[in-house]
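S.K.: So in our numbering, the last one in the sequence shown is 418, and the numbering has no gaps at all. Beta carbons: idealized from backbone N, C-alpha and C, even for Gly. Computed from a predicted model, the values in this text were never measured in an experiment. Please find one structure pasted underneath; my questions will follow.
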Amino acid sequence: MTESDRLFLDDLASAAQAVETCLEGLLSPVCRVDEIARPDRLLNAMRHGVLNGGKRMRPYLVLESARLCGGDPQAALRIAAALECIHCYSLVHDDLPAMDDDDLRRGKPTVHIAYDEATAILAGDSLLTLAFDIAAAPETPLSGDARASLVCALARAAGIGGMAGGQALDLAAEITPPDEAGIVTLQAMKTGALIRFACEAGALIAGSDQSTRASLRRYGEVIGRAFQIADDLLDITSDAASLGKATGKDEGRGKGTLVGLRGVNWARDELARLVAEAESLLSAFGDRGEKLKAAARFVANRKS
């Protein structure tokens with residue numbers, strides 16, 4: 115492990131703690147202006163789905179891309195928290211019996227197991243709505259135009275043309291397995307879209323030029339692809355105890371993955387290629403890009 119990799123892990127842990135603290139406040143029992151009440155069971159289910167550990171990689175990418183571009187740290191923290199609410203809502207809904215039907219998430223009972231299906235659906239709905247509340251609220255210290263741009267970009271990353279659409283394609287893949295191009299599209303939507311947003315968000319927060327925004331957007335696309343290939347590789351080579359969730363489910367449901375199609379050796383070679391491309395995209399930032407280079411290596415080489 116290089117020094118930059120060690121520093122990255124320290125930064126990732128520090129960012130995760132900062133985001134956790136922010137989310138604790140946002141998910142407190144205290145009502146915000148115009149809220150009438152926060153039902154205890156629903157709030158606790160939301161907290162169970164969000165405040166349950168995790169690496170907080172997507173929030174880290176928001177915070178680090180904003181730092182790289184000189185964006186406001188408090189604005190970046192709130193956008194990072196909003197993105198994590200979206201990500202966690204998707205996990206709560208993915209785990210439902212109608213979707214992936216999982217009992218474990220990060221080594222703990224999933225929300226519908228800890229509570230019930232109806233509460234899990236409402237918890238996911240509420241987290242999705244809360245994300246846009248956080249991003250649009252005046253407490254996010256950005257201009258109205260900047261907040262509107264971030265809300266629009268996040269909506270498109272999360273909706274029919276992004277994550278939710280990718281989940282629909284994933285469900286369809288259980289009936290008709292897609293070809294390689296279909297798998298690439300599915301994964302770019304279901305997994306890649308939010309990671310792409312996380313990286314591009316820093317440039318939006320900072321009001322960076324189009325060239326900087328395009329570089330970070332492409333970097334996000336590259337590591338999003340690497341994240342999914344690494345995930346599929348772990349699904350084949352790891353175990354449930356290490357991952358904190360069930361393994362081998364895609365193969366069991368007949369879903370195609372690039373790793374299943376091309377093989378483990380191809381996957382490892384492709385991950386190395388993607389890391390090299392990610393590092394190249396950050397070369398214009400000089401030493402300031404080292405943390406995001408380490409993030410790319412971590413995404414590709416992670417063990418859980």
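Could you tell me the alpha carbon to alpha carbon distance between L137 and T326, rounded to whole angstroms?
M.R.: About 29 Å.
S.K.: For L218, which residues does DSSP report across the bridge?
M.R.: In the DSSP output, where bridge partners are listed per residue, L218 has P223.
S.K.: Between V164, A271, I193 and A245, which lies nearest to R220 when the distance is taken from Cα to Cα?
M.R.: Considering only alpha carbons, the answer is V164.
S.K.: Which complete alpha helix (DSSP H) runs does the segment 139-214 hold, if anything under 4 residues is left out?
M.R.: Fully enclosed alpha helix (DSSP H) runs of 4 or longer: 154-164, 171-183 and 187-208.
S.K.: Helix or strand or just coil, what does DSSP make of E314?
M.R.: Three-state DSSP puts E314 in a helix.
S.K.: Does DSSP put T233 in a helix, in a strand, or in coil?
M.R.: Note: T233 maps to helix in three-state DSSP.
S.K.: Beta-carbon within less than 6 Å of L307's beta-carbon, same chain only, minus the 5 sequence neighbours each way: which residues are those?
M.R.: In the sequence on display, residue 307 carries Ala and not Leu. These residues qualify, in order along the chain: A271, G276 and M277.
S.K.: Taking the Cβ atom as the reference point for each residue, do T233 and L156 lie within a distance shorter than 8 Å?
M.R.: Yes.
S.K.: In the DSSP assignment, the alpha helix (DSSP H) including M277 goes from what residue to what residue?
M.R.: Taken as a continuous stretch (DSSP letters only), the alpha helix (DSSP H) holding M277 covers M277 to A286.
S.K.: Kindly indicate which three-state DSSP category T443 falls into: helix, strand or coil?
M.R.: What is shown of the chain runs 115 to 418, which leaves residue 443 out entirely.
S.K.: Between the alpha carbons of D293 and V147, how many angstroms are there, rounded?
M.R.: When rounded, the distance between both Cα atoms is 49 Å.
S.K.: Check for me: the alpha helix (DSSP H) holding R402 runs from which residue to which?
M.R.: That residue, R402, is in no alpha helix (DSSP H); it is neither H nor E in DSSP.
S.K.: Sorted by chain position, which residues of the same chain lie with C-beta nearer than 8 Å to R161's C-beta, five sequence neighbours on each side aside?
M.R.: The answer, listed in chain order, is L141.
S.K.: What's the call for C199, buried or exposed, on a 16-neighbour Cβ count within 10 Å?
M.R.: With 16 or more Cβ atoms within 10 Å of its Cβ, C199 is classed as buried.
S.K.: According to DSSP, is I289 part of a helix, a strand, or is it coil?
M.R.: In the structure shown, I289 sits in coil (DSSP, three-state: anything other than H, G, I, E or B).
S.K.: Between the Cα of I319 and the Cα atoms of L126, R192 and D247, which residue gives the shortest distance?
M.R.: Nearest C-alpha to I319: R192.
S.K.: What separation, rounded to the nearest whole angstrom, lies between the Cα atoms of A250 and A196?
M.R.: Approximately 10 Å, taken between the alpha carbons.
S.K.: Kindly indicate which residue of D209, I350, H201 and A180 has the alpha-carbon position closest to the one of G168.
M.R.: Here the closest residue by C-alpha is H201.
S.K.: Please state the DSSP three-state secondary structure of R416.
M.R.: Coil at R416, not helix or strand.
S.K.: Does D247 come out as helix, strand or coil in the three-state DSSP assignment?
M.R.: If DSSP states are grouped into helix, strand and coil, D247 belongs with the helices.
S.K.: Just verifying my parser: in three-state terms, what is the DSSP assignment at D323?
M.R.: In the structure shown, D323 sits in coil (DSSP, three-state: anything other than H, G, I, E or B).
S.K.: Start and end of the alpha helix (DSSP H) containing T299?
M.R.: It spans E294 to Q301 - the alpha helix (DSSP H) in which T299 sits, taken as one unbroken run.
S.K.: Please report the distance separating the alpha-carbon of V413 from that of I150.
M.R.: Cα-Cα distance, rounded: 41 Å.
S.K.: When DSSP labels each residue in this structure, what does I309 get in the three-state scheme?
M.R.: Here I309 sits in helix by DSSP.
S.K.: Measuring only the C-alpha atoms, how far is L205 from L218?
M.R.: Distance between the alpha carbons of L205 and L218: 11 Å.
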